[in-house]
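Position 276, counted from 1, in the sequence shown is what full-length UniProt numbering calls 276; the numbers after and before it change by one each time, with no gaps.
Here's the structure we're looking at; comments come further down.
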Amino acid sequence: MTYAVSEIRSAARPRKKRLSKAAIEPWLYLSPAIVLLVVVLLVPLIIGISYSFRKFSAFKSEYVGLGQYQAMLSDAVLGQALINTLWWTVASLFFQFFLGLGLALLLDKPFYGRRIVQAVVFLPWAVPSFLSGLTWAWLFNPIIGPLPHWLFALGLKAEPTNVLSDPATAMWGPIVANIWFGIPFFAITLLAALKSIPSELHEAAAIDGASPWQRFTKVTLPFLAPTIVITVMLRTIWIATFADLIFVMTEGGPAGSTSTVPVYIYVSAFKSLDKGYASAVAVLLLVLLIAYAIALIAIRRTLVRHV
């Protein structure tokens, strides 16, 4: 009897050892990525949040608690930057999504020269953002660029002036540049999602007498909906935190008409040298984007259940 119990225990020990090794082994493979995420994301995030509770001067810093957050409540410049960010994000996202969806639907159909069209459509995504900003700033320049003269010839402007120098129209310059820059993202992701839809569904709908519009709304869109939600969420976050194009083209001017929250953070941190206040504004933007992402993820789960 004692010998049998001893045998069972000795057999159980290697099994427990194998189970513990199987539990630890995946974490060993993941450890380089985890260390990288902690060093690159978590540590800077904690440092940035800690900065938001301090007031920095040229040679010292002091703890001010929630003083930086209280200062934001009366900051009219920040309020305007939030409005500009909303306008910049919504306008860019609206045109990027619908133009990208149209291109994805076009490229999903076979036609002569489709590969060449694909290369041209995806080209803007490969261009560095600062180079895109410089190019579009040149295009909007009335002395050396063609766009003001084209707008004047079409009767859209009274004279060929620089769109970027007018506070009423300055934001449209970076928005147009951002639309051109971001269309390939939606075109690529939505085209991949279209390729995953079984062709039998479209054939069955056509046999049942569904029109092209009905096939699009009843077959294509329900399958695209989860992908649309996640791509819209990602692109919204990227646009809302994207300052390169605006800073290269206008530096937030004229008169703050193109100053978004990321531009305001950059100016506060590196020109006004107020790292504490810039960190507090960055934390505000982070909280707003997290709330937005949670809402969209909840919508996506609902859409996935209904597909």
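Even glycine gets a Cβ: it sits at the ideal position worked out from N, Cα and C.
Please read all numbers here as calculations on a predicted model, not as lab measurements.
- In the three-state DSSP reduction, PHE111 falls in the coil class, being neither helix nor strand.
- For SER165, there is no enclosing alpha helix (DSSP H), as DSSP gives it neither H nor E.
- In this structure, PHE181 lies near LEU245, with their beta-carbon atoms less than 8 Å apart.
- For PRO124, same chain residues with a beta-carbon under 6 Å away, outside a window of 5 residues either side, are TRP180, PHE181 and PRO184 in chain order.
- When the alpha-carbon of ALA243 is set against those of PHE223, TYR266 and ILE294, the nearest one is in TYR266.
- In this chain, the alpha helix (DSSP H) harbouring SER199 covers 199-207.
- In the DSSP assignment, LYS55 falls within the unbroken beta strand (DSSP E) covering 54-56.
- The residue from SER92, LYS60, ALA225 and ILE49 with its alpha-carbon nearest to that of GLN68 is ILE49.
- The C-beta separation of MET233 from LEU296 comes to about 4 Å, placing the pair in contact by the 8 Å criterion.
- Per DSSP, SER74 is not a residue of any alpha helix (DSSP H), being assigned neither H nor E.
- For the 8 Å CB-CB criterion, GLY252 and VAL263 form a contact.
- Where SER61 is concerned, the enclosing beta strand (DSSP E) starts and stops at 61-63.
- Here VAL64 has PHE53, ARG54, LYS55 and GLY276 as same chain residues with Cβ atoms under 8 Å from its own Cβ, once five neighbours each way along the sequence are excluded.
- Across the structure, ILE34 and PRO26 are spaced so that their CA atoms are roughly 12 Å apart.
- THR189 sits in a helix when the DSSP states are folded into three classes.
- Assignment of ILE46 by DSSP, reduced to helix, strand and coil, places it in the helix class.
- Look at PHE242 here: in three-state DSSP terms it is coil, with no helix or strand label.
- Taking the Cα of ASP274 as reference, the smallest distance to any Cα among PRO44, VAL39, PHE59 and LEU37 is reached at PHE59.
- A straight line joining the alpha-carbon of ALA91 with that of LEU28 spans about 45 Å.
- Within its own chain, the residues whose Cβ lies closer than 8 Å to the Cβ of ALA205, once the five positions on either side in sequence are excluded, are GLN214, ARG215, LYS218 and VAL219, listed in chain order.
- Listed in chain order, the non-local C-beta contacts of VAL176 below 6 Å within the same chain number zero, local neighbours out to five positions each way being set aside.
- Closest in alpha carbon position to ALA269, among SER279, VAL38 and LYS109, is SER279.
- In the DSSP assignment, VAL261 falls within the unbroken alpha helix (DSSP H) covering 261-270.
- In the structure shown, GLY253 adopts coil according to DSSP, grouped into three states.
- Between ALA71 and VAL261, the gap from beta carbon to beta carbon reaches 8 Å or more.
- Contact between VAL120 and LEU107 is ruled out by a C-beta separation of about 11 Å, above the 8 Å threshold.
- Per DSSP, reduced to three states, the secondary structure at VAL127 is coil, with no helix or strand assignment.
- For PHE94, the secondary structure class from DSSP, reduced to helix, strand or coil, is helix.
- For the 8 Å CB-CB criterion, ALA293 and ILE237 form a contact.
- No residue range can be given for PRO142, since it is assigned to no alpha helix (DSSP H) and is classified by DSSP as neither H nor E.
- Closest by C-alpha distance to THR161, out of VAL40, PRO167, HIS149 and SER132, is HIS149.
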